[in-house]
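Let me begin by presenting the structure, written as structure tokens, before commenting on it.
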Amino acid sequence: MAAFLKERRWYGATLLAAALMGGCAATPSATATQPAASAPASEQAPAEPGATPATASLAVPDMTTLTQTTCPKEASSYEEWVARFGAYALHQGQPEQVIRTAFAGVYENPEIRDRAAKQPEFVTPVWTYLDRAVSAERIAKGQARLPENRAILAEIERDFGTNANILMGIWGIETDFGNNFGNVNVFEALSNVGYGTRRKDFACTELLSALKIAAKGYVAPKDMIGSWAGAMGHSQFLPSNYLTIAVDRDRSGAPDLWTSMPDVFASTANHLVRDGWQRGLPWGFEVKLPAGFPYQNAELDITKPISEWKKLGVTRFDGSPLPALAGDTSILLLAGHKGPAFLTTQNFKAILKYNYSTSYALSVAYLGDRVMGGKGIQGRWPVDEPPLNLEEREEIQQRLVGLGHLEGAVDGVIGLKTRKAIRLFQLQAGLPADGFATKSLLLEMRRRMAG
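Using my numbering, the letters of the sequence shown map in sequence onto residues 817 to 1267.
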């Protein structure tokens, strides 16, 4: 993150000041060390290739002269998009001065757009993701931070019913136990997402929420620092979640997700509870599946009571019987029938709602377990299985569409619908119906569909 932030587009801040202020002088954000406006052109930082000249600011209208009643969808430049968003925010009742203060000094950053277009959860093999997310170094960091936080974690578990290991896991995965909040101003991050990606409605919603936070006096715009995606603080809350879920545990007057660990843990716990966390349940654990197991049943949307899995021969990984657990559970396979298997509860789904990636949720669960002294994953991952590239994933989807097993856009994302379609093909082909997209699966599809 830090590397690409070194080259700031100062011309962007100049243009934006013109767009929002109508030519008036703007006070730069504390997060941007903008050159003085009176500096000679020869002394100003050069624009990157393809940058708009500073004189173009004359063509960008002031937000108060625009009529914008909806989230802006089109704009000829980043600066125009922000000006139009400012007009939209005014229409939504946000204070003009808060808008001007929030956007003073932000700049266009193409790398934010690039990152928004490529989420690693969709392309990185789960075993690689876990190796990075649950490294020995990160486990040690978490164990070092545990003693100072045991008391507040116990209080949160008492009051919210959330397990301390999961709160530690989320903290570690989100910000490396507070070592990496990100260093992008939230208004800068979300305005780049709004201008440069298809997630314009998302960006507008979150920007309006961030303005509300500032207008209420909870957090100053310059202090809303987070990730390139607009998430803030230790637990990486989006602005809308801050408004609706964050908890002022220490009663300082507003939730502080940057420096108050009571607020951080209480807010994270409240997020989980709202997403269905059940007091007294673990997230799940590793299991062993018997020979002949019906792998088409191994999906998160297929739930059964523990007693049904016992009848199918499922045991703990060490062969001992499954424990009695309330509620329905699911079997999760992230790498097909050759990889580890997990029995998951409703609480795993609550973690998923924090970030809908099964690799993320499993990383949270196992990092938390390891920090608390638990074992790592015992089963072996099929690490020799080469990952599919985008073209290969799209080909699998196209062939499934051709077979009538899959409907919808071909996008290369192997989600729930694609896995279900793969299982239909595998069942017809007499293969283990695990829904795992592999090169061998693609070759089998080519062979059967040749001619």
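We put the CB at the ideal spot given by N, CA and C, even for glycine.
- Nearest to residue 1176 by C-alpha distance, out of 1008, 1153, 1157, 990, is 990.
- Between the beta-carbon of residue 977 and that of residue 1089 there is about 7 angstroms, and that keeps the pair under the 8 angstroms contact cut.
- Boundaries cannot be given for residue 1230, as no beta strand (DSSP E) includes it and DSSP labels it neither H nor E.
- Contact between residue 1001 and residue 922 holds, since their C-beta atoms are separated by about 6 angstroms, short of 8 angstroms.
- By the criterion of a C-beta distance shorter than 6 angstroms, residue 973 is surrounded in its chain by 980, once the five residues flanking it on both sides are discounted.
- With a 10 Å radius around the Cβ and a threshold of 16 neighbouring Cβ atoms, residue 1166 comes out buried.
- For the 8 angstroms CB-CB criterion, residue 1037 and residue 1046 do not form a contact.
- The residue among 885, 1043, 958 with its C-alpha nearest the C-alpha of residue 1188 is 958.
- Excluding its 5 nearest sequence neighbours in each direction, residue 1230 has C-beta neighbours in its own chain below 7 angstroms: 1209, 1253, listed in chain order.
- Minimum Cα-Cα distance from residue 1245 among the listed residues 1262, 1207, 1098, 1031 corresponds to 1262.
- Relative to residue 1130, the option among 1101, 1143, 1150, 1164 whose CA is nearest is 1101.
- Counting along the chain, no alpha helix (DSSP H) covers residue 1053, and no H or E run does either.
- Of the residues 890, 956, 1014, the one whose Cα lies closest to the Cα of residue 931 is 1014.
- The three-state reading of DSSP puts residue 1014 in coil, since its state is none of H, G, I, E or B.
- Pairing residue 1243 with residue 1249 gives a Cβ-Cβ distance under 8 angstroms.
- The region 942 to 957 and the region 1181 to 1200 touch, with three or more beta-carbon pairs separated by less than 8 angstroms.
- Judged by beta-carbon spacing, residue 1024 lies within the 8 angstroms limit of residue 910, meaning their Cβ atoms are closer than that value.
- For residue 1065, same chain residues with a beta-carbon under 6 angstroms away, outside a window of 5 residues either side, are 1078, 1079, 1082 in chain order.
- Boundaries of the beta strand (DSSP E) around residue 1160: 1157 to 1160.
- Judged by beta-carbon spacing, residue 1043 lies within the 8 angstroms limit of residue 998, meaning their Cβ atoms are closer than that value.
- Judged by pairs of C-beta atoms under 8 angstroms, the region 1143 to 1152 touches the region 1113 to 1124, as three or more such pairs exist.
- At the C-beta level, residue 1094 and residue 1171 stay beyond 8 angstroms of one another.
- Between the alpha carbons of residue 918 and residue 1228 lies a gap of roughly 37 angstroms.
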